[in-house]
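Asker: Numbering (the working numbering), first residue to last: 786 to 910. All C-beta atoms, glycine included, are put in the ideal place defined by N, C-alpha and C. Got a structure for you, written out below as structure tokens; questions coming shortly.
Below, the structure is given as structure tokens:
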């Protein structure tokens with residue numbers, strides 16, 4: 786079985802590195818992007834199973850990137866990342882088609898649980 790591929794999109798290199806290292810240690814193939822435009826390009830090339838997408842990025846925001854990803858692939862599976870919980874933004878992301886949201890302070894065990902649940906549910910469809 787091929788390792789599931791996850792695209793991590795975050796403008797903060799330290800966050801990207803933490804997610805990358807953890808996910809790779811769990812056997813996932815990890816692709817990175819530092820902004821919305823790069824995320825769209827990587828998604829088109831890599832077609833990951835799941836996208837972890839930062840909500841607050843300079844330039845193209847996470848919400849705009851989410852919309853663009855969904856326009857590119859209506860079946861894109863996206864979990865939003867947020868450093869600060871902002872209820873209205875989270876609600877908007879869910880309305881726009883995000884599967885879920887997690888805070889960047891999530892424990893590794895919880896992150897893995899969320900990812901496994903979302904990938905399994907999406908694979909069943």
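How would you write the range of the beta strand (DSSP E) that residue 790 sits in, first residue to last?
Answerer: Here residue 790 is taken as the residue at index 5 of the chain shown, counted from 1. Run containing residue 790: 790-794, per the beta strand (DSSP E) assignment.
Asker: Just to confirm, are residue 821 and residue 842 a CB contact at a threshold of 9 angstroms?
Answerer: Indexing the chain shown from 1 puts residue 821 at position 36. Indexing the chain shown from 1 puts residue 842 at position 57. Yes, these two residues count as a Cβ contact at 9 angstroms.
Asker: Of the choices 848, 831 and 817, whose alpha-carbon is the least far from that of residue 871?
Answerer: Walking along the chain shown from the start, residue 871 turns up at place 86. Considering only alpha carbons, the answer is 848.
Asker: Got a sec, what are the start and stop residues for the beta strand (DSSP E) residue 834 sits in?
Answerer: Here residue 834 is taken as the residue at index 49 of the chain shown, counted from 1. From DSSP, residue 834 is part of no beta strand (DSSP E); its letter is neither H nor E.
Asker: Nearest by alpha-carbon distance to residue 810: which of 903, 902 and 897 is it?
Answerer: As a first step, residue 810 must be located in the chain shown, where it is residue number 25. Of the candidates 903, 902 and 897, the one whose C-alpha sits nearest the C-alpha of residue 810 is 897.
Asker: Taking the alpha-carbon of residue 799 as reference, which of 900, 890 and 903 has the nearest alpha-carbon?
Answerer: Taking the chain shown and counting its residues from 1, the one referred to as residue 799 is at position 14. Comparing Cα-Cα distances from residue 799 to each of 900, 890 and 903, the minimum goes to 890.
Asker: Taking the DSSP output, what are the residues bridged to residue 896?
Answerer: Residue mapping note: residue 896 aligns to position 111 of the chain shown, counting from 1. For residue 896, which the question treats as bridged, DSSP gives no partner whatsoever.
Asker: If you pair each beta-carbon of the stretch 827-838 with each one of the stretch 857-866, do three or more pairs fall below 8 angstroms?
Answerer: The stretch 827-838 is in contact with the stretch 857-866.
Asker: By how many angstroms is the C-alpha of residue 878 removed from the C-alpha of residue 869?
Answerer: As a first step, residue 869 must be located in the chain shown, where it is residue number 84. As a first step, residue 878 must be located in the chain shown, where it is residue number 93. If I take the Cα positions, the gap works out to 14 angstroms.
Asker: Which residues in the same chain have their Cβ closer than 7 angstroms to the Cβ of residue 852, if we skip the five residues on either side of it in sequence?
Answerer: Position 67 of the chain shown, counted from the start, is the residue given in the question as residue 852. Here the set comprises 881.
Asker: Using only the heavy atoms of the ligand NAD, determine whether one of them is closer than 8 angstroms to the beta carbon of residue 845.
Answerer: In the structure shown, the ligand NAD is absent, as is every other ligand, since no ligand is present at all.
Asker: Taking the straight line between their C-alpha atoms, what separation do you get for residue 793 and residue 860?
Answerer: Taking the first residue of the chain shown as 1, we reach residue 793 at position 8. Taking the first residue of the chain shown as 1, we reach residue 860 at position 75. Cα to Cα, residue 793 sits roughly 17 angstroms from residue 860.
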